[in-house]
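Counting from 904, one number per residue, gives the positions in the sequence shown under my numbering.
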Amino acid sequence: MKVRNLLLAALFAAPALAGEPATTTVDPLATEPALSVNRLKGSLTVGYETNYTGRGYVVSHSVAQGDSVLYAAAKFNYDLGKHSNLWTLSHTIAYHAPASGHTLYGGIKAGENRVPMGAIVPGASGYVPAGTVLKRPNIENQFTLITEAKYIRPEWNISFGHSFVHGGLLGVMAKHYRNQGASVVNEVFIAPEWTPTDMPWLSMGVKTSLSFQGIQGWWFEPYITGKFPLNKVKPATEGSVLGVVTLAMSATADYFADPYNACGNGSQAFWIKLSTPWFVKDNVIITPSVSFNWLGKGGLDANRRSHAKAYSGDPTMIPFKNFGVVFGISATYTF
């Protein structure tokens, strides 16, 4: 799942937007010792979305036996530098749970159609008698751990880190399409981001992830984000409301490259996300959002060659929605 988009605090803790007067401030960490509680910050987020999503995919109703998902996340940041905003180390823990079901396609009633080798029933071949219930693989609740180090400069920053994912869509791909025996994927990533000095409301970057356990291959997630004040209250202070627009996509290389592939490589999904974080208090943020998601070529390939659709003869038995609109609401507490 796209954890970066769900951990809203990192997105909202932006520098002053264009049009604000420059001020001179004293660096609060300049005289702090290397080990100090004052260097620790964090956020807690809980939320709900109307569809189960992951890396831009919007999972179909038949896959998840429903649509919606609940999630919670905790993020902790520790400033390592002699001055604020130079080197930070962060750790994120996130949990996603489908609010409906967990069995992929709800169990499939097979017709008199030939089952190819190594599909949803690994190793099956020949004909399956009508009425046979095929294996019932499931989507497990997703547990994610992310550890990253970030180097921050006035116009740009770059993050290096590791992600551990158990369950979710990546877990399905590892366990049921790669026969790994466990719904576990390990990744390392690098994520550079640029914010022009004369356009502090704009940021753009790309997260590049290399999966090395569970599934092997590359994910690319480029994005552009714009933030705009929607009222006259100073951004990121009590009473302020921001408008946030993100344009993003996901793509893979050498990721779906064996007989159990779920998708084709290349573009996987495209989306536009609109959100309006409202700072109820300086440290309490309520964020409604809406996202418009389209499948890329790789995602469309998955729908086209869906084994479940072939077994059942039901054209709705596809893994993803070709187009989906996802509404969400979240609450974040920062400290």
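In this text, a Cβ means the ideal position worked out from N, Cα and C, and glycines have one as well. None of the values given here were measured: they were computed from a predicted structure.
To the nearest angstrom, report how far apart residue i and residue j are at their CA atoms.
| i | j | result |
| --- | --- | --- |
| Gly1201 | Glu1141 | 43 Å |
| Leu910 | Ala1205 | Confidence at Leu910 is low in this model, with a pLDDT of 37, below 50, so its placement is unreliable and no value can be given for it. |
| Leu1177 | Ser1194 | 6 Å |
| Val949 | Pro1180 | 14 Å |
| Gly1167 | Leu1203 | 8 Å |
| Asn1186 | Val1228 | 29 Å |
| Gly945 | Lys1053 | 15 Å |
| Thr1149 | Gly1108 | 11 Å |
| Asn1225 | Asp930 | 49 Å |
| Phe1182 | Asn980 | 20 Å |
| Glu1138 | Gly984 | Position check: residue 1138 holds Pro in this sequence, whereas Glu was assumed. The straight-line gap from Cα to Cα measures roughly 26 Å. |
| Asn941 | Glu935 | 8 Å |
| Met1152 | Tyr1214 | 31 Å |
| Tyr974 | Arg1056 | 32 Å |
| Leu992 | Ile1049 | 11 Å |
| Val1147 | Gly1169 | 27 Å |
| Ile1118 | Glu1058 | 35 Å |
| Glu1051 | His1065 | 6 Å |
| Lys1078 | Ser965 | 19 Å |
Helix, strand or coil, according to DSSP, for residue i in the structure here?
| i | result |
| --- | --- |
| Lys1137 | coil |
| Leu1007 | helix |
| Leu1072 | helix |
| Ser1192 | strand |
| Gly1026 | Note that Gly1026 scores 36 on pLDDT, short of 50, meaning its location in the model is unreliable; the coordinates nonetheless yield the value given after this. Note: Gly1026 maps to coil in three-state DSSP. |
| Tyr974 | strand |
| Tyr1250 | The question about residue 1250 has no answer, for the chain in this structure spans 904 to 1238. |
| Asn852 | No answer is possible for residue 852: it lies beyond the span of the chain, which begins at 904 and ends at 1238. |
| Asn1082 | coil |
| Asn1060 | strand |
| Gly1108 | strand |
| Leu992 | strand |
| Gly1201 | helix |
| Asn1089 | strand |
| Tyr1214 | helix |
| Ala937 | coil |
| Asn980 | strand |
State yes or no: is the C-beta of residue i within less than 7 Å of the C-beta of residue j?
| i | j | result |
| --- | --- | --- |
| Leu947 | Ala967 | no |
| Thr867 | Ser1106 | Not covered by the structure: residue 867. The range shown for the chain is 904 to 1238. |
| Ala1165 | Tyr1080 | yes |
| Phe1223 | Tyr960 | yes |
| Val1088 | Ser1114 | yes |
| Ser1003 | Gly969 | yes |
| Ile1093 | Phe1067 | no |
| Gly1231 | Ser1192 | yes |
Using 8 Å for Cβ pairs, my map puts residue i next to residue j. What's the rounded Cβ distance?
| i | j | result |
| --- | --- | --- |
| Ile1042 | Val1075 | 6 Å |
| Asn1044 | Ala1000 | 4 Å |
| Gly957 | Leu1072 | 4 Å |
Taking three-plus beta-carbon pairs below 8 Å as touching, is the segment 1116 to 1123 in contact with the segment 1148 to 1159? Flag = yes, the segment 1116 to 1123 and the segment 1148 to 1159 touch.
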